[in-house]
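S.K.: At position 120 of the sequence shown (counting the first as 1) the number is 120 in our numbering, and the numbers step up by one without a gap.
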Amino acid sequence: MILTHDTILEEIRGGNIKIEPFCEDCAGPGSVDLHLGNAFRVFKNRRKVFPVTEEAGFEEITVVKEIKNGKSIVLKSGETILGITQERITLAPNIAGWLEGRSRFARLGLAIHITSGFIQPGTDNKQVLEISNLGRAPLAIKFLIFNFQTWKKN
């Protein structure tokens with residue numbers, strides 16, 4: 001079952017969902033707003049073919065870039081970067097989550113995650129986001145809010 005506002009807050013108070021830091025005003029009708037942190041991984045310019053295997057690691061083809069509060073990172077058309085949430089999420093073994101972008105940002109061509117929106121039950125970490133600019137204009141990103149939805153197995 002998808003959790004709604006009051007149930008989300010009950011699960012947080014009961015310790016089944018932990019979001020640190022948490023702001024109760026960020027709980028919406030069926031999700032919690034999460035925020036983009038200031039550390040990113042930017043892909044290196046590379047001409048050599050990189051093999052995609054189960055062992056492949058993104059660390060080899062990316063470099064860490066941090067932005068200061070109030071500053072932007074520019075995402076060019078067709079570019080993808082890796083971001084991370086400000087919040088750490090911990091879920092009980094019977095609760096799963098899903099990250100969703102906001103339609104207002106999608107209309108600009110911004111995709112918040114490519115294929116890995118699912119958050120496994122029992123997770124305890126910050127979430128990595130694959131952020132892509134599918135539009136034609138460069139986008140300056142400094143503050144981004146996206147949704148975290150939860151499901152609970154009865």
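Backbone N, C-alpha and C fix where the C-beta goes; we use that ideal spot for every residue, glycine too. Every value quoted in this text rests on a predicted model; they were computed, and no experiment measured them.
Report yes if the CB atom of residue 135 is closer than 9 Å to the CB atom of residue 117, and no otherwise.
M.R.: For residue 135 and residue 117, no; Cβs fall outside 9 Å.
S.K.: Below 9 Å between beta carbons: does that hold for residue 91 and residue 122?
M.R.: Cβ atoms of residue 91 and residue 122: closer than 9 Å.
S.K.: Whether or not the segment 141 to 151 and the segment 32 to 42 are in contact is what I'm after, with contact meaning three or more pairs of Cβ atoms, one per stretch, closer than 8 Å; do they touch?
M.R.: Yes: the two stretches touch, three or more of their Cβ pairs being nearer than 8 Å.
S.K.: What is the rounded straight-line gap between the Cα of residue 56 and the Cα of residue 132?
M.R.: Rounded to the nearest angstrom, the two C-alpha atoms are 20 Å apart.
S.K.: Going by other Cβ atoms of all chains shown within 10 Å of its Cβ, with 16 needed for buried, is residue 41 buried or exposed?
M.R.: Buried, since its Cβ has 16 or more Cβ neighbours within 10 Å.
S.K.: Could you give the residue range of the beta strand (DSSP E) that holds residue 103?
M.R.: Taken as a continuous stretch (DSSP letters only), residue 103 belongs to no beta strand (DSSP E), being part of the alpha helix (DSSP H) at 103 to 106.
S.K.: Can you check the segment 73 to 141 for any beta strand (DSSP E) of at least 3 residues that lies completely inside it and give the ranges in chain order?
M.R.: Whole beta strand (DSSP E) segments, 3+ residues: 73 to 75, 80 to 91, 95 to 100, 124 to 133, 139 to 141.
S.K.: Please list the terminal residues of the continuous beta strand (DSSP E) segment that includes residue 150.
M.R.: Its beta strand (DSSP E) spans residues 145 to 152.
S.K.: From the DSSP output, which residues share a beta bridge with residue 18?
M.R.: Answer by DSSP bridge pairing, in chain order: 90.
S.K.: Across which residues does DSSP place residue 65 in a beta bridge pair?
M.R.: 40.
S.K.: For residue 34, does the three-state DSSP call read helix, strand or coil?
M.R.: Strand at residue 34.
S.K.: Express the C-alpha separation of residue 46 and residue 85 in angstroms, rounding to a whole number.
M.R.: Between residue 85 and residue 46, the C-alpha separation is close to 27 Å.
S.K.: Straight-line CA distance for residue 77 to residue 43?
M.R.: Each residue's Cα considered, the two are about 14 Å apart.
S.K.: What number of angstroms, rounded off, separates the C-alpha of residue 72 from the C-alpha of residue 114?
M.R.: About 21 Å.
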